[in-house]
Amino acid sequence: MDTIIECKDVQRTFTSRTLLGKKQETHALNGLEFSVPRGIVFGLLGPNGSGKTTTIRILSTLLTPTAGQAKVLGFDVVKEAKKVRGRIGLILGGERGLYGRLTGEENLKYFGALNHMGREQSKKRVKEIIETVGLTDASKRPVEQYSRGMRQRLHIARGLLTDPEVLFMDEPTIGLDPAGAQELRQMVPVLVKQGKTILLTTHYMSEADELSAQVAIINKGRIIATGTPTEIKRSFSKIIVCEAICRLIDAKAIEVVQRLPGIQRVNVTSDGPLQRLTIYALPGTEIKDGILKTLGEGCVESIIMRDPTLEEAYLSIIK
Ligand SMILES: Nc1ncnc2c1ncn2[C@@H]1O[C@H](COP(=O)(O)OP(=O)(O)O)[C@@H](O)[C@H]1O
Ligand SMILES: [Mg+2]
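Its first residue numbered 0, the sequence shown is counted upward by one per residue in numbering that gives the first Met the number 0.
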């Protein structure tokens, strides 16, 4: 079977009450559809409140969908929740899901018990996984004394405890310092090499670009673009980008460029005696000709069109 995760028209509505007791409905997922093939990192990207965590909670059987169908490894997440649960690992970011008063080792043994691991099996596996994530020295200390990076390593250990085929990572690098985040990012390809399939949510576009073979952009509970990061940059992006290195241009000239047809925005940075213009325009705009004519060829040292970064493409799609 090659499709490891599949969502078909998944809906999730939350009903809550406002302070005044009025009923309030939030449609967190509105017909979510996507599928993830085996053995890749699939990045789910979207603004705050777009439904990423809700999706992960549904796929990891912590929450049921209001309508629609979701499958993991061919098993229905509602009707066959137990089968799903035994085959997946969940790695959360931030402060969620660990017990501060318990030691790292005790946390893992507790999760082992929740996953029906036998005492001996759990003991052996916990020791092994603590070593893998480099927490052996801290394993007997309460988690409330752990740094953010150590907690994150414990989250990873927890997610990997049962050696699952599928891993869900919900913003795993949030709150980590750059070194901790890099450490985590370096683990991801290693896990993929071991044959795991990973669904990753992140706010960090460069992280998604670096790690994901495929991405989907979710907005208001619906997928609005999906493909490889390159496809997102080339086919879904609603902007094109041009970089021009110029000399001797003033604010007036830049204003003129800004008013050329199709130009959306111009960023200017100084680069020694030169200026770098990053020009964002609507697809199909003849940027290069317009710039050369406006500024004069003598002022323009170099001018190239480049793909938007995933972040630039994302921002143009989300708007
Ligand atoms: N338990 C809940 N009760 C009410 N509303 C919720 C609940 N969980 C999530 N929501 C709402 O559902 C939407 C999607 O939330 P979430 O999946 O957490 O988004 P994301 O992870 O992309 O930031 C948000 O509007 C959020 O406020
Ligand atoms: Mg979230």
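Note that beta-carbon positions come from the ideal geometry of N, C-alpha and C, so glycine has one too.
{"Query": "Which value, in whole angstroms, describes the spacing of the CA atoms of Thr60 and Phe235?", "Result": "32 Å"}
{"Query": "Given 7 Å as the limit, tell me if Lys219 has its C-beta closer than that to any heavy atom belonging to ligand 2.", "Result": "no"}
{"Query": "Can you name the start and end residues of the beta strand (DSSP E) that Asp8 belongs to?", "Result": "Thr2 to Arg16"}
{"Query": "Taking 7 Å as the line, does the beta carbon of Thr52 fall inside it for any heavy atom of ligand 4?", "Result": "Ligands present in the displayed structure are limited to ligand 1 and ligand 2, and ligand 4 is not among them."}
{"Query": "Quick test of your reading: Ser34 and Glu79, contact by CB under 8 Å. State the CB separation rounded to the nearest angstrom.", "Result": "17 Å between Cβ atoms; not a contact."}
{"Query": "Taking the beta carbon of Arg84 as the centre, do at least 16 other beta carbons fall within 10 Å, making it buried, or is it exposed?", "Result": "buried"}
{"Query": "Since Val255 contacts Thr293 with CB under 8 Å, what's their CB separation in whole angstroms?", "Result": "5 Å"}
{"Query": "What residue range does the alpha helix (DSSP H) around Leu160 cover?", "Result": "Per DSSP, Leu160 belongs to no alpha helix (DSSP H) and is neither H nor E."}
{"Query": "Reducing DSSP to helix, strand and coil, say where Thr284 ends up.", "Result": "coil"}
{"Query": "Could you tell me which whole alpha helix (DSSP H) segments of length 4 or greater appear in the region 183-246?", "Result": "204-210"}
{"Query": "What distance in whole Å lies between the Cβ atoms of Phe167 and Ile90, which are believed to be in contact at a cut-off of 8 Å?", "Result": "7 Å"}
{"Query": "Which term fits Gln181, buried or exposed, when burial requires 16 or more other beta carbons within 10 angstroms of its beta carbon?", "Result": "exposed"}
{"Query": "Is Ala27 near Gly220, with beta carbons less than 8 Å apart?", "Result": "yes"}
{"Query": "Considering just the uninterrupted stretch of the beta strand (DSSP E) at Gly103, what are its terminal residues?", "Result": "Unbroken run through Gly103 is the alpha helix (DSSP H), Gly103 to Leu113; no beta strand (DSSP E)."}
{"Query": "Closest to Leu175 by CA distance: which of Leu43, Ala243, Arg152 and Lys251 is it?", "Result": "Arg152"}
{"Query": "Which residues in the same chain as Lys108 place their Cβ atom closer than 6 Å to its Cβ, once the five residues preceding and following it in sequence are excluded?", "Result": "Ser121 and Val125"}
{"Query": "Which stretch, first to last residue, makes up the beta strand (DSSP E) that contains Val35?", "Result": "Lys22 to Pro36"}
{"Query": "Alpha carbons only, please: which of Thr12, Glu164 and Ile155 is nearest the one belonging to Arg184?", "Result": "Ile155"}
{"Query": "Suppose you measure from the CA of Glu170 to the CA of Val132; what does that come to, to the nearest Å?", "Result": "18 Å"}
{"Query": "On the CB-based measure, 16 or more other CB atoms within 10 Å of its CB, does Ser205 come out buried or exposed?", "Result": "exposed"}
{"Query": "How many angstroms separate the CA atom of Leu281 from the CA atom of Val187?", "Result": "35 Å"}
{"Query": "Let me check understanding here. Comparing Cα to Cα, which of Ser138, Ala215 and Glu130 lies closest to Lys51?", "Result": "Ala215"}
{"Query": "Can you list, in chain order, the stretches of the alpha helix (DSSP H) that have 4 or more residues and sit fully within the region 50-91?", "Result": "51-58 and 80-84"}
{"Query": "Kindly indicate which three-state DSSP category Val132 falls into: helix, strand or coil?", "Result": "coil"}
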